[in-house]
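Just below is one structure, and these are the notes that go with it.
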Amino acid sequence: MENQIQKKPRILCLHGFRTSAAILQKLVLRWPENVLEKLDLVFLDAPFPARGKSDVEGIFDPPYFEWFQANKDFTEYSNFGECLAYIENYMIEHGPFDGLLGFSQGAILAAALPGMQKDGVCLTKVPNIKFLIIISGAKLGGSKFGLPKLAANAFSSPVQCPSLHFIGETDFLKEEGIGLLESFVNPVVIHHIKGHTVPRIG
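Its first residue numbered 1, the sequence shown is counted upward by one per residue in UniProt numbering.
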């Protein structure tokens, strides 16, 4: 039994902007048991308490967290390097991890990490990321979001890391999510009819 548990892919899950690990866990745990039993999911709170109102207030309980901050136009970022160091330290202490799952801000971050790891600017002390699950993602340096300096080369060459992308029909990030696909080699895509959310599957 112990060997079977060890063989499950260990996945670090990164939640959305001004939400939390507990909130993402509630959403993902709606997936079918026959999917969840094959995965070792670890949910991490972002390093910074929310610095403003959360869109999920009244739906999910606080506290709420954010991975990094940006100005209104997403052209300037702060605490991006601190965020990367925080994730790497967690992966060192609680890993090894095989892949990443990200939703919204967590997905935007997760999508950039393999390229940044390859570039040697982050996650240099942990094994290479083997796969990504991107839910309501977008591209840093794409049409909506500027490029933090540390992520300058994140998408300079096609990302070879296997990736699964969930794209919602009514998601406000739909076009950005579709644009992100162009940066990946052979991305697998699941389209769903919902909006900016973690969809039920199965």
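Idealized CB from N, CA, C, for every residue including glycine.
query: Endpoints, alpha helix (DSSP H) assigned at residue 102; result: Counting along the chain, residue 102 falls outside any alpha helix (DSSP H), though it belongs to the beta strand (DSSP E) covering 99 to 103.
query: Backbone secondary structure at residue 65 - three-state DSSP; result: strand
query: Residue 44 versus residue 13 - alpha carbon distance; result: 6 Å
query: Proximal residues to residue 174 (C-beta, below 7 Å), its chain only, five neighbours per side dropped; result: 167, 168
query: 8 Å Cβ shell around residue 150 - same chain, five flanking residues per side excluded; result: 80, 81, 84, 116, 121, 122
query: Sequence-distant residues of the same chain with beta carbon closer than 7 Å to residue 8, five excluded per side; result: 38, 39, 40
query: Exposed unless 16 or more other CB atoms sit within 10 angstroms - verdict on residue 143; result: exposed
query: Cutoff 8 Å; reference residue 194; Cβ partners in own chain excluding five residues on either side; result: 168, 169, 170, 171
query: Inter-residue spacing [alpha-carbon to alpha-carbon] between residue 114 and residue 161; result: 7 Å
query: Ordered list of alpha helix (DSSP H) runs contained in the stretch 26 to 62, each at least 4 residues; result: 33 to 36
query: Alpha-carbon spacing of residue 5 relative to residue 53, whole angstroms; result: Residue confidence is low: residue 5 scores 49 on pLDDT, short of 50, so the model does not pin down where it sits. No coordinate-derived value is stated.
query: Separation of residue 65 from residue 202, as counted between CA atoms; result: 29 Å
query: Residue from 71, 153, 99, 155 whose Cα sits closest to the Cα of residue 131; result: 99
query: Residue 176, buried or exposed, once every other Cβ within 10 Å from all chains shown has been counted against 16; result: buried
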